[in-house]
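Student: If you read the sequence shown in the working numbering, its first letter stands for residue 12, the second for the next number, and so on.
Backbone N, C-alpha and C fix where the C-beta goes; we use that ideal spot for every residue, glycine too.
Computed from a prediction, not measured in an experiment: that's the story for all the values here.
Here's a structure for you.
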Amino acid sequence: LPIPELVADAGLAADAGLAAETGLVLRPATGHDRRRARTRASLVAATQALIAEQGITNLRICEITERAGVALGSFYNHFESKESLVGLVVEAALADLTAAMLVGPADEHDDPIRSICDAVRGFVRLAYDDPEFARLIMEIDQTRPLLSSAVYPEGRRALGEGVASGRLAITDVEITLITVIGGAMALM
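Put into structure tokens, the structure is as follows:
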């Protein structure tokens, strides 16, 4: 038998032991849940495409919904604002970019120092290879939270590996991480 698709539901949490910790419980996905997920995915994909084509400056919600093939009102069932959707898109792109920079072919990144240096170079090179995306990262209001959720975890992991291997002798990983990322952003 196929395993049913499950979704989190805060409304059912009161009946489950998970309520105390998460406020959520898993339940079988309904047709409505799947339609909702498809609509949200369409809005995200449309935003990604429009940002790639025209940047963020003139991006309009009506363009996003038209490209996604959904009603304008549907937008607000999924996102509070254009900025929240753009933040989600940029966060995902930053996370993918960071992971790709820090997790290359195994033979290239056996050395944690090399991995970190390559990642910083790649991040700075982004300003030359994709200036529109680099500008977007620097200009959006949510840059600090985006870096915290998308870049810092991978950077923290890489620095931790450097310390564990004995290749890095740093006393405060957080300060080093902020300094490295801040320096890379200044070079952009």
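Hey, A169 and P123 are a contact pair by Cβ (cut 8 Å); roughly how many whole angstroms apart?
Tutor: Looking up residue 169 in the sequence shown gives position 158. Looking up residue 123 in the sequence shown gives position 112. With 8 Å as the limit, A169 and P123 qualify as a contact, their Cβ atoms being about 6 Å apart.
Student: Can you name, in chain order, every residue of its own chain whose Cβ lies under 7 Å from the Cβ of H89, other than the five neighbours on each side?
Tutor: To locate residue 89, count along the sequence shown from 1; it is residue 78. Counting only Cβ-Cβ distances below 7 Å, and skipping sequence neighbours, we find T50, R51, L54.
Student: Report buried or exposed for S67, applying the criterion of at least 16 other Cβ atoms within 10 angstroms of its Cβ.
Tutor: Looking up residue 67 in the sequence shown gives position 56. It should be pointed out that residue 67 corresponds to Ile in this sequence rather than to Ser. Buried, since its Cβ has 16 or more Cβ neighbours within 10 Å.
Student: Which first and last residues belong to the alpha helix (DSSP H) in which I192 is found?
Tutor: Looking up residue 192 in the sequence shown gives position 181. Element bounds for I192: 184-198.
Student: Expressed to the nearest angstrom, what Euclidean distance is found between the alpha-carbon atoms of A117 and L147?
Tutor: Locating residue 117 in the sequence shown gives position 106, where the first residue counts as 1. Locating residue 147 in the sequence shown gives position 136, where the first residue counts as 1. Residue confidence is low: A117 scores 44 on pLDDT, short of 50, so the model does not pin down where it sits. No coordinate-derived value is stated.
Student: For I181, count neighbouring Cβ atoms within 10 angstroms of its own Cβ and tell me buried if that reaches 16, exposed if not.
Tutor: Position 170 of the sequence shown holds residue 181. I181 comes out exposed.
Student: Report the CB separation of R78 from A106 in whole angstroms; it is logged as a contact under 8 Å.
Tutor: Counting from one through the sequence shown, the residue named residue 78 turns up at place 67. Counting from one through the sequence shown, the residue named residue 106 turns up at place 95. Going by Cβ atoms, the distance from R78 to A106 rounds to 23 Å, so no, they are not a contact pair.
Student: Quick check: what's the CA-CA separation for D44 versus E94?
Tutor: Along the sequence shown, one-based indexing puts residue 44 at 33. Along the sequence shown, one-based indexing puts residue 94 at 83. Straight-line Cα distance between these residues: approximately 24 Å.
Student: Report the rounded CA-to-CA distance for I186 versus S160, giving the unit in angstroms.
Tutor: Position 175 of the sequence shown holds residue 186. Position 149 of the sequence shown holds residue 160. Spanning the two alpha carbons is a distance of roughly 16 Å.
Student: Assign S126 to one of two classes, buried (16 or more other C-beta atoms within 10 Å of its C-beta) or exposed (fewer than that).
Tutor: In the sequence shown, residue 126 corresponds to position 115, counting from 1. Label assigned to S126: buried.
Student: Candidates Y87, A197, F144, D121: which alpha carbon is nearest S176's?
Tutor: Translated into positions along the sequence shown, residue 176 becomes position 165. Nearest of Y87, A197, F144, D121 to S176, Cα basis: D121.
Student: G171 by DSSP, collapsed to three states: which one?
Tutor: Your numbering for residue 171 matches position 160 in the sequence shown. Here G171 sits in helix by DSSP.
Student: What separation, rounded to the nearest whole angstrom, lies between the Cα atoms of V191 and V131?
Tutor: Working through the sequence shown from its first residue, we reach residue 191 at position 180. Working through the sequence shown from its first residue, we reach residue 131 at position 120. Going from the Cα of V191 to the Cα of V131 covers about 8 Å.
Student: With a Cβ-Cβ cutoff of 8 Å, do V97 and T58 count as a contact?
Tutor: Taking the first residue of the sequence shown as 1, we reach residue 97 at position 86. Taking the first residue of the sequence shown as 1, we reach residue 58 at position 47. The answer is yes: Cβ separation under 8 Å.
Student: Should G194 be labelled buried (16 or more other beta-carbon atoms within 10 Å of its own) or exposed?
Tutor: Within the sequence shown, residue 194 is the residue found at index 183, counting from 1. Counting Cβ neighbours within 10 Å, G194 comes out exposed, since fewer than 16 surround it.
Student: Using a Cβ-Cβ cutoff of less than 6 Å, which residues in the same chain neighbour L137 once the five nearest sequence positions on both sides are dropped?
Tutor: Locating residue 137 in the sequence shown gives position 126, where the first residue counts as 1. A145, listed in sequence order.
Student: Classify E91 as buried or exposed, calling it buried when 16 or more other Cβ atoms lie within 10 Å of its own Cβ.
Tutor: What you label residue 91 is simply residue 80 of the sequence shown in a count that begins at 1. When all chains shown are included, E91 counts as exposed.
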